[in-house]
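So for the sequence shown, the UniProt record's numbering puts the first residue at 1; every next one is plus one.
Each residue gets a CB set at the ideal place from its N, CA and C atoms; glycine is no exception.
Note sheet for the following structure.
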Amino acid sequence: MQSTPLLRTLRDLVRNNARQYGMVIALAVIVVLFQILTGGLLLRPLNITNVIMQNSYVLILAVGMMLVIITGHIDLSVGSVVAFTGAASTVLMTGWGLPPLVVVPLALAMGGLIGAWQGFWIAYVRIPAFIVTLAGMLIFRGATLIVLGGRSIGPLPQSVRMWASGFVPGFTEGPHLLTLALGAAGSAALVWVQWRVRARNLAHGLPASSAALTAAKAAATVAVVMLFSYALADYNGIPIVGLLLLVLIVGYSFLMKSTTAGRRIYAVGGSEKAARLSGVKTKRTTFWVFVNMGVLSALAGLVFTARLNAATPGAGEMFELDAIAAAFIGGASASGGVGTVIGAVVGALVMGVMNNGMSIIGLGVDWQQAIKGLVLLAAVAFDIYNKQRVGYGRAGGTAGRKGSGSGPLPPEQAEDSASRKHKEGSAEAAAPAPPR
């Protein structure tokens, strides 16, 4: 039985966008599943706020970890850096009496120096990131124990605790209008980006989504963002840490999509040799990616310590695995060169919703860990399957050959592919011709 053109179009649309939207669909399925299993508790405004606050540090770390993985590296030290910077900040505030306005920049600078230390060994000495950051994990875990003397220190000043548990103030009764306004502004920005990407692809002769499909994606984006905003506005509004996350997500998405620095990061992860021959300073790029990871780890340490209202020797344990899992679940590739900031956020939300939902229904920690491990394994297997399918499709030549079903690349992948071909072409031009 032959399929109709509409069915073939839908089939190709699903296959070609499976990598880009697969985890978004998975997140929606997980939310619906736990909404049913918890009897409607999951999507209550109070619980949505709790999910944001409980997973704020994972979201911060996941954004930085995504950049590290895109360059083809890994960072196992982020949990220990979270603990160390949180401990040092707490000692400075409670023991030395320094004000938070002084401690926060010092903590971020401390994280940047730690990232620079590790980035130097990785980028310039060429020691594998796994070894360097494993050593960092041990060093800064030990340093945390030294700073704290093996005991917990607290409480923190009220102004610091507000970072992780406070809300942006409202000015009217009823729903939080500022949260709704931020939701509307965010929706407009996301819709503008979608149409801008389509217009840019059309201008450069690249494959682009149809106007109807782009409009449908824009409508779905507005609906999801505004429903989420209304849920927050119906409780106490957007948390202060939620506003911080919004700034980070928008800023890093812009960095990776629309700046030269972002394109260099993708180039280094795609092919370091080709990027170097094309004029990209690969060592410097790798170095600054790890500096950025150190700064974000320090920021996560401040947020986590403020939420806990104390610095503890065991803080940050397994945080690196949560961040790595969020990046891979969100679409990062173990070989580098692939991934998005939004994907990292989706991956972190998948982990967070699963943790929250399983806790509500009373599932034990043992089963929670096992299920999260299976989800991570499935996400990486899905990534490998997609790469093999695309490879077979290219080997077959055309979309319809041998039933491969691989059609034209989606706009973002097509643009990345064209950029990669340009860089490879530059690399081939720079390299000497082989002897005949």
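Report task. Spatial neighbours of residue 128 within its chain, please: CB distance less than 8 Å, with the 5 preceding and 5 following residues excluded, ordered by chain position. Result -> 122
Report task. Count the CB pairs spanning the stretch 91–104 and the stretch 149–167 that are closer than 8 Å, and state whether there are at least three. Result -> yes
Query raised in the report: DSSP puts residue 239 in a beta bridge; with which residues?
Result: 167
Query - Length of the line joining the Cα atoms of residue 263 and residue 115 - result: 21 Å
Requested in this report: With DSSP as the reference, label residue 311 as helix, strand or coil.
Outcome: Strand at residue 311.
**Report entry** For residue 153: DSSP bridge partner residues
**Finding:** Within the DSSP secondary-structure output, residue 153 pairs in a beta bridge with 311.
Requested in this report: Could you name each continuous beta strand (DSSP E) segment of 3 residues or more that falls completely within the stretch 179–231, going from the start of the chain to the end?
Outcome: none
Query raised in the report: How big is the Cα-Cα spacing for residue 286 and residue 336?
Result: Computed Cα separation, rounded: 12 Å.
Report task. Have a look at residue 23 and residue 95 and give me their C-alpha separation to the nearest angstrom. Result -> 45 Å
Query raised in the report: Do you know offhand how far residue 310's Cα is from residue 86's?
Result: 9 Å
Query - residue 299 CB to nearest heavy atom of the ligand FAD below 7 Å - result: No copy of the ligand FAD appears in this structure; indeed no ligand is present at all.
Report task. Give me the Cα-Cα distance between residue 211 and residue 334, rounded to the nearest whole angstrom. Result -> 34 Å
Requested in this report: Can you check the stretch 41–89 for any alpha helix (DSSP H) of at least 4 residues that lies completely inside it and give the ranges in chain order?
Outcome: With a minimum length of 4 residues, the continuous alpha helix (DSSP H) runs that stay inside the stretch 41–89 are 45–54, 56–70.
Requested in this report: Could you check which residue in 358, 369, 384 has the C-alpha nearest to that of residue 51?
Outcome: The shortest Cα separation from residue 51 among 358, 369, 384 belongs to 358.
Report task. Could you check the C-alpha separation between residue 185 and residue 200 for me, to the nearest Å? Result -> 22 Å
Requested in this report: Just mark residue 176 as buried or exposed, buried being the case when its beta carbon has 16 or more other beta carbons within 10 Å.
Outcome: buried
Report task. Look at the alpha carbon of residue 30 and the alpha carbon of residue 347, and state the distance between them as a whole number of angstroms. Result -> 12 Å
Query raised in the report: Quick one: any contact between the stretch 32–45 and the stretch 313–332, if contact means 3 or more CB pairs under 8 Å?
Result: Result no; under three Cβ-Cβ pairs closer than 8 Å.
**Report entry** Given residue 375 as reference, the closest of 354, 240, 385 once Cα atoms are compared
**Finding:** 354
Report task. Can you grab the Cα-Cα spacing for the pair residue 416 / residue 125, in whole Å? Result -> Low confidence applies here, because residue 416 scores a pLDDT of 47, under 50, leaving its location unreliable and the question unanswered by this model.
Query - Per-residue burial, residue 205 [other beta carbons within 10 Å of its own, 16 or more giving buried] - result: With fewer than 16 other Cβ atoms within 10 Å, it is exposed.
Query raised in the report: Three-state secondary structure (DSSP) at residue 105?
Result: Three-state result, residue 105: helix.
Query raised in the report: Hey, residue 342 and residue 253 are a contact pair by Cβ (cut 8 Å); roughly how many whole angstroms apart?
Result: 6 Å
Query raised in the report: Quick one: what does DSSP say residue 124 is sitting in, helix, strand or coil?
Result: Under the three-state reduction of DSSP output, residue 124 falls in the coil class, being neither helix nor strand.
Report task. Flag this pair as touching only if the stretch 135–155 and the stretch 308–327 have three or more C-beta atom pairs under 8 Å; answer yes or no. Result -> Contact holds: three or more Cβ-Cβ distances are below 8 Å.
Requested in this report: Measuring alpha carbon to alpha carbon, tell me which of 258, 240, 226, 233 ends up nearest residue 193.
Outcome: With distances taken between CA atoms, residue 193 lies nearest to 258 out of 258, 240, 226, 233.
**Report entry** N- and C-terminal bounds of the alpha helix (DSSP H) containing residue 133
**Finding:** Going by DSSP, residue 133 is part of the alpha helix (DSSP H) stretching over 129–148.
**Report entry** Rounded distance between the beta-carbons of residue 249 and residue 345, thought under 8 Å
**Finding:** 6 Å
Query raised in the report: Can you tell me the Cα-Cα spacing of residue 77 and residue 183, whole angstroms?
Result: 35 Å
Report task. Let me know if residue 385 comes out buried or exposed under the rule of 16 or more other beta-carbons within 10 Å of its beta-carbon. Result -> exposed
**Report entry** Backbone secondary structure at residue 99 - three-state DSSP
**Finding:** Correct three-state label for residue 99: coil.
Query raised in the report: What's the C-alpha gap between residue 260 and residue 203?
Result: Distance between residue 260 and residue 203, taken at the CA atoms: about 20 Å.
Query raised in the report: Between residue 226 and residue 340, is the Cβ-Cβ spacing less than 8 Å?
Result: In this structure, residue 340 does not lie closer than 8 Å to residue 226 by Cβ.
Query raised in the report: What number of angstroms, rounded off, separates the C-alpha of residue 135 from the C-alpha of residue 74?
Result: Cα-Cα distance, rounded: 13 Å.
Query raised in the report: Is the stretch 44–59 touching the stretch 234–251, taking contact as three or more C-beta pairs under 8 Å?
Result: yes
**Report entry** Beta-carbon spacing of residue 58, residue 326 below 8 Å
**Finding:** yes
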